[in-house]
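In the working numbering, the protein residues as written are 125 to 410.
Ideal Cβ positions, reconstructed from N, Cα and C, are used throughout, including at glycine.
Here the structure is a predicted model, which means the values were calculated and not measured.
All remarks here apply to the structure that follows.
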Ligand code: BQF
């Protein structure tokens, strides 16, 4: 039997409907959730991601502002902009769209965002809180992945989750969240020897390698749940995943598509974090 497709697009739409109602109630109580996105330079992919985030805010009634800055802005000037937003009580979420130009140190910028407004969940304080399993802003892509798995009641406890990729924004934190769910976690990466030895044992396989169609049926155990985090642009301009979907779907129990899989869930979790911040749940009080 071919795998059941987990539509991130449909689940995100359902969650956005719930969030729209929640925002409306908050508005009645005088609270207007607000997200400020900083976009530096004019990377076309970044621009399109920011446009999508703004649209999702509009759909759910979250106020949003996009601050567009020239790629020639200095690191110090950017840090000052962030500090002003940290001080602005009407701003609940601050997101700096990555990547940044070469001359700006990303970690300096991430460190400057108040952990209380860090709706991307990238600040070291929030990463630490995630590691200890304390309530905080979870990084959006890993949070979206866990939400998708839970939406289908896919067992995690005691199961073997194998992750391909160890980036700070996807691979590392998704492993941590799966560990928090009592999964047994294996990290694989570009230097891993005999990758298939690990992936063939995976009950849950997270593909975040950043290489189009890198994962094929030979990597998969029969009945595995396969989550495709890849966003690769093909020559024809279309998006495709890290998983050879047509081949793998015949062997897996669940599979996520690209587009319409993890991507829309990433955006939905950004909205969730922004609402959480507006509700004033101080993540430092967890
Ligand atoms: C979809 C991102 C790499 C580097 C920086 C929906 C998104 C993508 C795909 C999206 C991503 C990837 C984002 C789909 C945000 C996910 O329908 O499949 C939404 O907007 N993403 C980002 O902000 O920065 C990135 C990937």
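Practice task
Taking residue 218 as part of the beta strand (DSSP E), name the residues at either end of that continuous run.
Solution key: 217-220
Exercise for the section: Spell out the partners DSSP gives residue 253 in its beta bridges. Expected result: Its beta-bridge partners do not exist; DSSP assigns none.
Practice task
Check whether the Cβ atoms of residue 330 and residue 351 sit closer than 8 Å, and answer yes or no.
Solution key: yes
Handout entry: 8 Å Cβ cutoff met for residue 332 and residue 377
Key = no
Practice task
Could you check the C-alpha separation between residue 408 and residue 341 for me, to the nearest Å?
Solution key: Note on residue 408: pLDDT 49, under 50, position unreliable in the model; the coordinate value appears next. Distance between the alpha carbons of residue 408 and residue 341 is about 44 Å.
Handout entry: Limits of the unbroken beta strand (DSSP E) element including residue 164
Key = 158-164
Handout entry: residue 390 beta carbon near the ligand BQF (any heavy atom closer than 7 Å)
Key = yes
Exercise for the section: With hydrogens ignored, establish whether the beta-carbon of residue 267 is closer than 7 Å to any heavy atom of the ligand BQF. Expected result: no
Handout entry: Distance cut-off 7 Å: residue 228 Cβ against heavy atoms of the ligand BQF
Key = no
Practice task
For residue 181, collect the residues of the same chain with a Cβ closer than 8 Å to its Cβ; drop the 5 residues on either side in sequence, then sort them by chain order.
Solution key: 159, 187, 188, 395, 398
Problem - N- and C-terminal bounds of the alpha helix (DSSP H) containing residue 401 - result: 386-402
Practice task
Would you check whether the ligand GDP has a heavy atom nearer than 7 Å to the C-beta of residue 222?
Solution key: For the ligand GDP, the structure offers nothing, since it holds only the ligand BQF.
Exercise for the section: Compute the minimum distance between the beta carbon of residue 383 and the heavy atoms of the ligand BQF, and state whether it is under 7 Å. Expected result: yes
Practice task
Please indicate yes or no: does the CB of residue 176 lie closer than 7 Å to some heavy atom of the ligand BQF?
Solution key: yes
Exercise for the section: Can you tell me which of the three DSSP states residue 343 falls into? Expected result: helix
Exercise for the section: Pick helix, strand or coil for residue 353, following the three-state DSSP scheme. Expected result: coil
Handout entry: residue 387 CB to nearest heavy atom of the ligand BQF below 7 Å
Key = yes
Practice task
Assign residue 358 to one of three DSSP states: helix, strand, or coil.
Solution key: coil
Problem - Identity of the residues DSSP links to residue 188 by a beta bridge - result: 159
Exercise for the section: Using only alpha-carbon positions, find the residue among 167, 368, 166, 143 that is nearest to residue 156. Expected result: 143
Exercise for the section: Note down the Cα distance separating residue 379 from residue 276, rounded to an integer number of angstroms. Expected result: 11 Å
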